[in-house]
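Participant: One structure, as structure tokens, below. Some questions next.
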Amino acid sequence: MVEGNFSVSQRITLRRRRAVASILAPRGDALLVTGLGSTTWDAFAHGDHDLNFYTWGGMGGAAMIGLGLAIAQTKRRVVVLTGDGEMLMGLGSLATIGVQRAANLAVVVIDNERYGETGQQETHTHFGVSIAGVGLASGFRDAVTAYTRAQLNDAIDLIYDGQGPVLAVVKVRPESEPLTLPDRDGPYLKGRFREALLGRASGP
Amino acid sequence: MAKTSAVDWPKQLYQLLVREKVTQVAYVPDAGHKRLIELCRARRSMRCIPLTSEEEGVALLAGAWLGGARGVLLMQSSGVGNCINMLGMIQECRFPLLVLVTMRGEWGEFNPWQVPMGQATESVLENAGVIVQRADEAERVVETVQSAWRLAYDAYRAVAVLVSQRVIGAKAFK
């Protein structure tokens, strides 16, 4: 397992849709927040779910949405599934999360080292910046980078069973996948999530 | 001349947050919020979350609302500029939001670097879809925040209360 490693030399072989399917298969009753762009399409491709809060904006905020949700719902597992570009825009939030020691929070970064929606430009992770390294330095209880199927399987255990906050960065090939787009109506996504979580009388 | 006000508005705000069952208090600390932050930190039912940048608090409170929790975001006017894009999500999704902003750059300010954002705060917030209310006297702070609270959590709006530098500057508590 590569932990916090400032490395540019490992081969990337994992495919994103298969990786995300593996990550989401055991979710059970975990609450899911997805970062804008590719990871939102990935999550929707696996299957829609009322307890998926998809974001189509607010870049840099996905992990913090997860933290607020995790603090509000301490008995539920909260998973944030986002991309490297979105996570890089919110790097400071890793420090905020680390300080809060949210035991039920897992942040998962699908790291293709690219900005997927804007022309596949390389992100900072392509040049060696380790998001997992930042997580470890920020106080996450564990933070790993997975390059192989075996490492991914270990990361999945961490995501659901590790005492949080935990961070799993999954390196995937920079491929374009079919655009599977969920609903983009913000009030609807918010309302259905709250209704599924809190019950019908919860209001908007 | 500063009014010798005996109004302990931070304590009044704290009591309001207790009444309204706030469980998440997000902040980048400001001198004007020092006492309120201390009071909230001493209360076990309130989780106080220091932020590395104010925009984190906007996203945090959206997540809190998804989870059924009510919160408040504390910042200085200089932090408002850090929140703009994230406020777009608040507007799009109609998340309730209450921001308490202590003002700089408007009343007896000595630091010129505070003036641009201080002067821009109100219009920037309004352009970002946030209703702005002002409290220019210590005696009016808690009633203004109570009103803003209702707008936020009964009328499902994003609201900011700007606490004037005149209030912060004047010694408002013993």
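Chains as they are written, first to last, in numbering that gives the first Met the number 0: chain A, 0 to 203; chain B, 0 to 173. Every residue gets a Cβ at the ideal spot worked out from N, C-alpha and C, and that includes glycine.
Going along the chain, which residues of its own chain have a beta-carbon closer than 6 Å to the beta-carbon of valine 79 (chain A), five neighbours each way excluded?
Facilitator: As a working note, residue 79 (chain A) is residue 80 in the first sequence. Taken in chain order, the residues that qualify are Val32, Ala61, Ala62, Gly65 and Val106.
Participant: Can you tell me whether alanine 154 (chain B) is buried or exposed? The criterion is at least 16 other CB atoms within 10 Å of its CB, across all chains shown.
Facilitator: Position 155 of the second sequence holds residue 154 (chain B). By the 10 Å Cβ count, alanine 154 (chain B) comes out exposed.
Participant: Give the straight-line distance between the Cα atoms of arginine 16 (chain A) and glycine 82 (chain A), rounded to the nearest whole angstrom.
Facilitator: Here residue 16 (chain A) corresponds to residue number 17 of the first sequence, with the count starting at 1. Here residue 82 (chain A) corresponds to residue number 83 of the first sequence, with the count starting at 1. If I take the Cα positions, the gap works out to 13 Å.
Participant: So that I know if they touch, is there some Cβ in chain B lying closer than 8 Å to that of arginine 193 (chain A)?
Facilitator: In the first sequence, residue 193 (chain A) corresponds to position 194, counting from 1. Chain B contact via Cβ: present.
Participant: Determine which residues of the region 39–66 of chain B have a Cβ less than 9 Å from any Cβ of chain A, and write them out in chain order.
Facilitator: Arg46, Ile48, Pro49, Leu50, Thr51, Ser52, Glu54, Glu55, Gly56, Val57, Ala58, Leu59, Leu60, Ala61, Gly62, Ala63, Trp64, Leu65 and Gly66
Participant: Go ahead and pull the three-state DSSP assignment for lysine 170 (chain A).
Facilitator: Here residue 170 (chain A) corresponds to residue number 171 of the first sequence, with the count starting at 1. Secondary structure at lysine 170 (chain A): strand, using DSSP grouped into helix, strand and coil.
Participant: If I follow the unbroken alpha helix (DSSP H) through aspartate 153 (chain A), where does it start and stop?
Facilitator: Mapped onto the first sequence, residue 153 (chain A) falls at position 154. Note, aspartate 153 (chain A): alpha helix (DSSP H), 148–160.
Participant: For a test of the three-state rule: what should DSSP assign to glutamate 125 (chain B), helix, strand or coil?
Facilitator: Start at 1 with the first residue of the second sequence, and residue 125 (chain B) comes out as number 126. Reduced to three states, the DSSP call for glutamate 125 (chain B) is helix.
Participant: With distances taken from CA atoms, which of A:Leu35, A:Ile158, A:Leu68 and A:Gly46 is nearest leucine 87 (chain A)?
Facilitator: What you label residue 87 (chain A) is simply residue 88 of the first sequence in a count that begins at 1. Looking at the Cα atoms, A:Leu35 is the closest of the given residues.
Participant: Quick check for students: name the residue ranges of the alpha helix (DSSP H) that lie wholly in the region 41–92 of chain B, counting only runs of 4 or more.
Facilitator: 53–65, 76–79 and 83–92
Participant: Could you name the residues of chain A that glycine 87 (chain B) contacts, counting a contact when the two beta carbons are closer than 8 Å?
Facilitator: Numbered from its first residue, the second sequence carries residue 87 (chain B) at position 88. Result: Gly56 and Gly57.
Participant: Can you tell me whether leucine 96 (chain B) is helix, strand or coil according to DSSP?
Facilitator: For the purposes of this step, residue 96 (chain B) is identified with residue 97 of the second sequence, where counting begins at 1. For leucine 96 (chain B), the secondary structure class from DSSP, reduced to helix, strand or coil, is strand.
Participant: Would you call proline 9 (chain B) buried or exposed, if buried means 16 or more other Cβ atoms sit within 10 Å of its Cβ?
Facilitator: The sequence position of residue 9 (chain B) within the second sequence is 10, counting from 1. By the 10 Å Cβ count, proline 9 (chain B) comes out buried.
Participant: Skipping 5 residues on each side, what residues in its chain have a beta carbon closer than 6 Å to that of threonine 175 (chain B)?
Facilitator: The structure shown does not extend to residue 175 (chain B), since chain B is modelled only from 0 through 173, so no value can be given for it.
Participant: Along the chain, where does the beta strand (DSSP E) containing valine 27 (chain B) start, and where does it finish?
Facilitator: In the second sequence, the residue the question calls residue 27 (chain B) occupies position 28. Segment: none, valine 27 (chain B) is in no beta strand (DSSP E) and carries neither H nor E.
Participant: Given tyrosine 120 (chain A), which residues of its chain have a CB within under 6 Å of its CB, disregarding the five upstream and five downstream residues?
Facilitator: For the purposes of this step, residue 120 (chain A) is taken as residue 121 along the first sequence, with counting starting at 1. It should be noted that the sequence gives glutamine, not tyrosine, for residue 120 (chain A). Contacts found: Tyr114.
Participant: Closest by CA to glycine 107 (chain B), which one among B:Val100, B:Met74 and B:Gly117?
Facilitator: For the purposes of this step, residue 107 (chain B) is identified with residue 108 of the second sequence, where counting begins at 1. Out of B:Val100, B:Met74 and B:Gly117, B:Gly117 has the C-alpha closest to the C-alpha of glycine 107 (chain B).
Participant: For my contact list, aspartate 7 (chain B) and threonine 101 (chain B) are in at a C-beta cut-off of 8 Å; report their separation, rounded to the angstrom.
Facilitator: Residue numbering aside, residue 7 (chain B) sits at position 8 when the second sequence is read from its first letter. Residue numbering aside, residue 101 (chain B) sits at position 102 when the second sequence is read from its first letter. Not really, about 15 Å apart at Cβ, beyond 8 Å.
Participant: Residues of chain B with CB closer than 8 Å to the CB of leucine 68 (chain A), please, in chain order.
Facilitator: As a working mapping, residue 68 (chain A) is identified with position 69 in the first sequence. Those are Gly62, Ala63, Leu65 and Gly66, listed as they occur along chain B.
Participant: Hey, is arginine 93 (chain B)'s beta-carbon within less than 8 Å of any beta-carbon in chain A?
Facilitator: Residue mapping note: residue 93 (chain B) aligns to position 94 of the second sequence, counting from 1. Closer than 8 Å: yes.
Participant: What are the residues that DSSP puts in a beta bridge with tyrosine 53 (chain A)?
Facilitator: For the purposes of this step, residue 53 (chain A) is taken as the residue at position 54 of the first sequence. Its beta-bridge partners are A:Thr33.
Participant: Evaluate proline 111 (chain B) with the Cβ neighbour count: other Cβ atoms within 10 Å of its Cβ, from every protein chain shown; 16 or more gives buried, anything less gives exposed.
Facilitator: The residue given as residue 111 (chain B) occupies position 112 in the second sequence. Exposed, because fewer than 16 other Cβ atoms sit within 10 Å of the Cβ of proline 111 (chain B).
Participant: In the structure shown, what three-state DSSP assignment does valine 98 (chain A) receive?
Facilitator: Residue 98 (chain A) sits at position 99 when you count from the first residue of the first sequence. Residue state, collapsed to three classes: helix.
Participant: Tell me the rounded alpha-carbon separation between alanine 151 (chain B) and asparagine 152 (chain A).
Facilitator: Position 152 of the second sequence, counted from the start, is the residue given in the question as residue 151 (chain B). Position 153 of the first sequence, counted from the start, is the residue given in the question as residue 152 (chain A). One C-alpha to the other measures close to 43 Å.
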